[in-house]
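Colleague:
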Amino acid sequence: MPQVMDADRMSRALTRIAHEILERNRGLDELALVGIRTRGVPLARRLARALKEINGDDVPTGALDITLYRDDLMRHPVGPQPLVRRTEIPFSIDDRKIMLVDDVLYTGRTIRAALDALIDFGRPRVIQLIALVDRGHRELPIKADYVGKNLPTSLKQSVQVRLQEIDGTDEIVIEGEP
Amino acid sequence: MTTRAADRPDSAERLAGRPAPPAAAQLKSRHLLGIAGLDADEITLILDTAEAMKEIGGRAIKKVPTLRGRTVVNLFFEPSTRTRTSFEIAEKRLSADTLSIATATSSVTKGETLVDTVRNLEAMSPDMIVMRHASSGAPDLLARICRSTIINAGDGMHEHPTQALLDAFTIRSHKGRLAGLKVAIVGDLLHSRVLRSNVLLLKTMGAEVWACGPSTLIPPGLERLGARPTTSVDDAVRDADVVMLLRIQHERMQGHFIPSVREYFALFGMTPERVRRAREDVIVMHPGPMNRGVEIDSEVADGPYSVILEQVSNGVAVRMAVLYLLSGREGRDDESPGEGR
C-alpha cells in the first residue's frame, strides 16, 4: 500500500490551492466553500483556514450531502440504501463564487450530483471545482479547476484519502494492483 | 441477509471513487407495518435519516430527485387530512409520482373487497402503497399478497407507526435522547393505535411510559407492552419529560366509556395546573385532531411548552425518511412477498 502523500505534503498542497484561489478570483469577495460529504467537508474547512491566514478574511463554508442526487440510487433493486446525512449551507449561494471541494475526483458522477444539488439552492455566479486528488477515468465531461495531486491509477486500484478529523491521520494511499 | 452489500454492483463504489458509505444499519423488512418488529438500530436509522430530510423542507426548492419514476398510491379507507397530506407532501418532495384514493369515490363503495381493490391497483404496477384502514391487520394482509411495498398509515386499533416515529423525532430534537425519559400518555388508551405504536417504540428505545385514562378506557394487557397504566393523572404527569395527549374518539364512543365530556375534562383534561406538576422543561404533544376543552385546555395547546405544530412539520421529514429507506427494498428475489417484518 504505497503512500502517495503524507501530512506535510497535504498541508502544502492545500496552501498552494488557497493561493491559486486568491490569484484566480482576485480576492475573496463573494467567495464560499462547499465541501462534499464526507471528506470534502474537513478539506473545505482547512482551505477556509488557509485563506484566512493569507488574506485575513473569513470565507463562509458549507457541507453538501449528495446521496439523494446519486444516479445509481434507484437502479439497483437489491441492497440497502446509502446513509443520508445533513446538507448544511447556512448562506445564500445566489451570485456567489462557489468553490466545490471533494477529496478524490474519479468518474465525475459525484460532481454531477453535487452540481444538481447546488443548483437547487440557488444560482451561483460561478462554480469551481477543487479536488485533493485527481485519479483520472472520467465518465462525464467534468474537470477540476484546482488539483492537489494528479495520480495516474488503474481501474482496479482504490485511492484512500485519510484525514485527521475523521481518520486520525493525514495521508493518501493507493491500494490494489496497478 | 448480511452479504447484501457485496451483492451490490460496483458502480456505487466507482461513483464516489471510494467505498460506498457504510450501511451499518438498514431496515430488515421491505414493508412498514408497525413498530413491532423494528429494533433500536432501525428506529435510530429512520430518525437520523429524517434529520437530513428535514433540511430539504427549509430550502427554496423543496424537492430532491430521489424517487423519480417511482409511483406511490395513497389508499385511505378512513378519513384523514393530516396523515394523508403529510405523506403526499413527503412523496412529492422526493419526486415520486403520487395518487391518492379516497374510498368514498372508489369502487369500494360498489362492494369490491379490499384484496380485489389492491390486486387491481397492483396490476398498474405501483411501487409503494400507503394505506389506512379501519380494520386492524389490513396492511399485514396486503403485505402477504402484494409485490408492492406496504406502508401502514394507521390500521384500526392496531398501529400507526409513522406517527410514533414522528413523535420520537420531535422528542429527540427537544431532549437529545429517548432513553431514560418519563413519558406520560393521557387519554383514550383503549381505541388508540397511536398509543400502541408509541409504547412499543418508546420501550424499545429505553423510555419509561406511563399510560393514563379512565379505567373503562385502559385496555387489558397494557403492562405486557411495558407501559405503567394508571388512573391518576397526577401520578402520570409528575416529573414527566413529555406529556402526550390522545384524542377522545367520539366516533368510537358508542359504548358509553365516559359519563360525559365535561366530567372527562374535569378528571383528565390537561390544564396548565396539571402541566406544572411535570418537569419545568416538559413538552406537550398531541397527534391531532385536538378536542379543545376535552383532553386539552386551549391554554395548554397554545402554550410555550406545546410542540403540537412542530409534530406536524416533522411528520413530513419522517415520512420522507421511511419512503427513502423502503424504496431500496423492492422486488427482492430472495424474499417471498410478505416475508420478514
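Going line by line, the protein sequences match chains A and B.
In this text, residue positions in the first sequence follow my numbering: the first is 1, and each later residue adds one.
In this text, residue positions in the second sequence follow my numbering: the first is 1001, and each later residue adds one.
From the three backbone atoms N, C-alpha and C, an ideal C-beta is built for every residue, glycine too.
#1: Under 7 Å Cβ-Cβ, which residues of chain B neighbour L73(A)?
#2: Can you give me the C-alpha to C-alpha distance between A1052(B) and H1256(B), rounded to a whole angstrom?
#3: Fully enclosed by the segment 1080-1146 of chain B, which alpha helix (DSSP H) runs are 4 residues long or longer?
#4: What separation, rounded to the nearest whole angstrom, lies between the Cα atoms of P1289(B) and A1236(B)?
#5: Between V1072(B) and L1323(B), is the Cβ-Cβ spacing less than 9 Å?
#6: Around the C-beta of L118(A), are 16 or more other C-beta atoms found within 10 angstroms, so that it is buried, or is it exposed?
#7: Pick helix, strand or coil for G27(A), following the three-state DSSP scheme.
#8: Would you check if the segment 1301-1316 of chain B and the segment 1137-1153 of chain B touch, i.e. whether three or more CB-CB distances between them fall below 8 Å?
#9: Report the residue ranges of all alpha helix (DSSP H) runs contained in full by the segment 89-121 of chain A; include only those spanning at least 4 residues, in chain order.
#10: If we call anything under 9 Å between Cβ atoms a contact, is V101(A) one with I130(A)?
#11: Quick one: which residues of the segment 126-157 of chain A get their C-beta closer than 9 Å to a C-beta of chain B? List them in chain order.
#12: Residue ranges of each beta strand (DSSP E) run of no fewer than 3 residues wholly in the segment 1157-1221 of chain B, ordered along the chain?
#13: With DSSP collapsed to three states, give me the class of V147(A).
#14: Determine the DSSP secondary structure at P42(A), reduced to helix, strand or coil.
#15: List the residues of chain A whose Cβ lies closer than 7 Å to the Cβ of R980(B), in chain order.
#16: Determine, using beta carbons only, whether R1132(B) and F1169(B) come nearer to each other than 9 Å.
#17: Would V126(A) be called buried (16 or more neighbouring beta carbons within 10 Å of its own) or exposed?
#18: Note down, in chain order, each residue of its chain lying with its Cβ closer than 8 Å to the Cβ of V1115(B), except the 5 sequence neighbours on either side.
#19: In chain order, what are the residue ranges of uninterrupted beta strand (DSSP E) at least 3 long that sit wholly in the segment 1255-1321 of chain B?
#20: Give me, in chain order, the residues of the same chain whose beta-carbon lies closer than 6 Å to that of S1136(B); leave out the 5 immediate sequence neighbours on both sides.
#21: Determine the contact status of L1202(B) and L1178(B), defining contact as a CB-CB distance below 9 Å.
#22: Leaving out five residues on either side along the sequence, give the residues of the same chain with a beta carbon under 8 Å from the beta carbon of A32(A).
#23: Applying a beta-carbon distance threshold of less than 7 Å, which residues of chain A neighbour L1325(B)?
#24: For the segment 24-38 of chain A, list every residue whose C-beta sits within 8 Å of some C-beta in chain B, in sequence order.
#25: Count the other C-beta atoms from every protein chain shown that fall within 10 angstroms of the C-beta of R1084(B), then say buried if there are 16 or more, exposed otherwise.
#26: Which chain B residues sit within Cβ distance under 7 Å of V173(A)?
#27: Which residues does DSSP list as the beta-bridge partners of N1074(B)?
#28: Need the endpoints of the beta strand (DSSP E) that V175(A) sits in, please.
#29: Along the chain, where does the alpha helix (DSSP H) that runs through L1047(B) open and close?
#30: List the endpoints of the continuous alpha helix (DSSP H) containing A63(A).
#31: Specify the secondary structure class of L1228(B) as computed by DSSP and reduced to three states.
#32: Which partner residues does S158(A) have in the DSSP bridge list?
#33: Who are the neighbours of E1051(B) on chain A, taking C-beta pairs under 7 Å?
#34: Evaluate T110(A) with the Cβ neighbour count: other Cβ atoms within 10 Å of its Cβ, from every protein chain shown; 16 or more gives buried, anything less gives exposed.
#35: Taking the Cβ atom as the reference point for each residue, do H1160(B) and S1197(B) lie within a distance shorter than 9 Å?
#36: Pick out whichever of D57(A), V41(A) and I89(A) has its Cα sitting closest to the Cα of E1055(B).
Modeller: Checking against the coordinates, here is how it stands:
#1: T1066
#2: 45 Å
#3: 1082-1093, 1114-1122 and 1138-1145
#4: 22 Å
#5: yes
#6: buried
#7: coil
#8: no
#9: 109-119
#10: yes
#11: V133, R135, H137, E139 and L155
#12: 1182-1186 and 1208-1212
#13: strand
#14: helix
#15: The displayed coordinates of chain B run from 1001 to 1341. Any statement about residue 980(B) would go beyond what the structure contains.
#16: no
#17: exposed
#18: L1141, L1142 and I1145
#19: 1283-1285
#20: D1155, G1156, M1157 and H1158
#21: yes
#22: V59, P60, T61, G62, F91, I93, R96, K97, I98 and M99
#23: Q81
#24: T38
#25: buried
#26: Ordered by position in chain B, no residue passes the 7 Å Cβ test against V173(A), which lies about 12 Å from the chain.
#27: S1100(B) and V1130(B)
#28: The amino acid at residue 175(A) is misidentified as Val; the sequence shows Glu. Residues E171 to E175.
#29: A1040 to I1056
#30: Note, A63(A): premise wrong, no alpha helix (DSSP H); beta strand (DSSP E) at T61 to L64.
#31: For the sequence presented, residue 1228(B) should be read as Arg rather than Leu. Here R1228(B) sits in strand by DSSP.
#32: E175(A)
#33: R86
#34: buried
#35: yes
#36: I89(A)
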